[in-house]
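Have a look at the structure below, then the notes.
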Amino acid sequence: MTGQVWLIVNPVAGGGRGARHAAVAARRLTDAGIRCRLVHAATPADTSRSASQAIDDGASAVVACGGDGTVHAVMQPLVGTDTPLGIVAGGSGDDIAASLGFTTSGADAIADSLRDMVVTGTLRSVDVAEAVTHDGTRRYFVGVLTTGFDSSVNERANAMSRLRGQRYNVAMVRELAAFRPLDYRVTLDGDTVSGPGMLVSVGNGPRYGGGMLICPGARPDDGVLDVTWLGTLSKPALLRLFPRVYRGTHVDHPAVRTFRGRTLSIDAPGQVAYADGERLGPLPVDVEIRAAALRVLSA
8 MTGQVWLIVN PVAGGGRGAR HAAVAARRLT DAGIRCRLVH AATPADTSRS ASQAIDDGAS
68 AVVACGGDGT VHAVMQPLVG TDTPLGIVAG GSGDDIAASL GFTTSGADAI ADSLRDMVVT
128 GTLRSVDVAE AVTHDGTRRY FVGVLTTGFD SSVNERANAM SRLRGQRYNV AMVRELAAFR
188 PLDYRVTLDG DTVSGPGMLV SVGNGPRYGG GMLICPGARP DDGVLDVTWL GTLSKPALLR
248 LFPRVYRGTH VDHPAVRTFR GRTLSIDAPG QVAYADGERL GPLPVDVEIR AAALRVLSA
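In this note's numbering, the protein residues as written are 8 to 306.
Listed below in structure tokens is the structure:
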């Protein structure tokens, strides 16, 4: 690789872990004789702009240093280009990094792995999904898109800023008390299925939420999307099912249906979509696979 390696850092990701890991990675690259540039970006918009600038400046790779939100913002301008994505994991979940085969534990191990990838210059192409919501928001995602219960929890948590680190758990408890099954309409490769559901999730990768295998069969390089539809469950049954998501065995439950396809549309009244943990916009949402559209560093 001949150009600079850009490391774009979310300074608050993982309580500062992303920035600390990025500093270690920058030292490893420099010690190996690799030119690198460390850039701090305060917002998702700044992060995407920095990634665009890196492409324009001829960067040999653009490395997202932080969690899934940072990766999501960095990758937007990289899709469809020859500039590869790298990841220095430093968030609270790092689901995308894990799904794409990047090291996620230990600053030294993360930095050494990135250095070796850059030195060898090994790349691979992975799929992304393109999502368009009802308000016209258009975004790529490489992990999981969620609707229904999970998205409602995120909506509630985002409105509870005073609780900071505890807000997601509190929001989940409150949403569970209030949530009712939704009337879903899902069109997959031209075939429409309607009915009640607690959530519908779309996986380009298998996991979200810090290791929950919501779409356990999803692979980011197979050219298709995996859909998990959780039907109507009582609240006690939902609580009993929840731990199985970490093992991916929830798909064996009779209330869960799975589908695969290349294009789909999801609609449910009053709902919004989240992708890679980031808010997209209101349903309906249209999703289409973009096979092999993103280049990534590889071991």
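Glycine is no exception: its CB is placed at the ideal position from the N, C-alpha and C atoms.
- Inside the region 238-294, DSSP marks whole beta strand (DSSP E) runs of 3 or more residues at positions 263-268, 270-274, 279-282 and 285-289, from first to last along the chain.
- Around the beta carbon of N17, a 10 Å sphere encloses 16 or more other beta carbons of the protein chains shown; the residue is thus reported as buried.
- Annotated three-state conformation of P18 is coil, per DSSP.
- Taking C-alpha positions only, D101 is separated from D119 by approximately 17 Å.
- When DSSP states are grouped into helix, strand and coil, L85 belongs to the helix group.
- With at least 16 other beta carbons inside 10 angstroms of its own, G73 counts as buried.
- For I94, the uninterrupted beta strand (DSSP E) segment begins and ends at L92 to A96.
- In the structure shown, S55 falls within a helical segment according to DSSP collapsed to helix, strand and coil.
- C-alpha of D283 to C-alpha of A96: approximately 14 Å in a straight line.
- Shown here for G288: same chain residues with a beta carbon closer than 7 Å to its own, the five before and five after excluded, namely T140, H141, D142, T144, V279 and A280 in chain order.
- The shortest CA-to-CA distance from M205 to any of S67, G224, S158 and G65 is the one to S158.
- Annotation: the region 112-143 contains the following complete segments of the alpha helix (DSSP H) (minimum length 4 residues), in chain order: 114-127.
- Spanning the alpha carbons of D134 and G76 requires a straight line of approximately 18 Å.
- For L220, same chain residues with a beta-carbon under 6 Å away, outside a window of 5 residues either side, are P213, R214 and G255 in chain order.
- Residue pairing by DSSP places S208 opposite T153 and T235 in a beta bridge.
- DSSP, read as helix, strand or coil, puts D198 in strand.
- Between the alpha carbons of L304 and L130 lies a gap of roughly 5 Å.
- Here DSSP, grouped into helix, strand and coil, assigns L107 to coil.
- Within a 10 Å sphere around the beta-carbon of F249 sit fewer than 16 other beta-carbons, which makes this residue exposed.
- Shown here for T265: same chain residues with a beta carbon closer than 6 Å to its own, the five before and five after excluded, namely T235 and V258 in chain order.
- Pairing T50 with V81 gives a Cβ-Cβ distance that is not under 8 Å.
- Sequence-distant partners of H28 (beyond 5 residues in either direction) whose C-beta falls short of 8 Å from its own C-beta, in its chain, are C72, V95, A96, G97, A114, I117 and A118.
- Between L271 and V209, the gap from beta carbon to beta carbon is short of 8 Å.
- Comparing alpha-carbon positions, the option among A61, A39 and T153 lying closest to Q83 turns out to be A61.
- If you look at L36, you'll find it in the alpha helix (DSSP H) that goes R24 to D38.
- For C43, the enclosing beta strand (DSSP E) stretches over residues C43 to H47.
- Put simply, of Y147, V149, D198 and L183 the residue whose alpha carbon is nearest the alpha carbon of A164 is L183.
- Per DSSP, A68 is one residue of the beta strand (DSSP E) stretching across A68 to G73.
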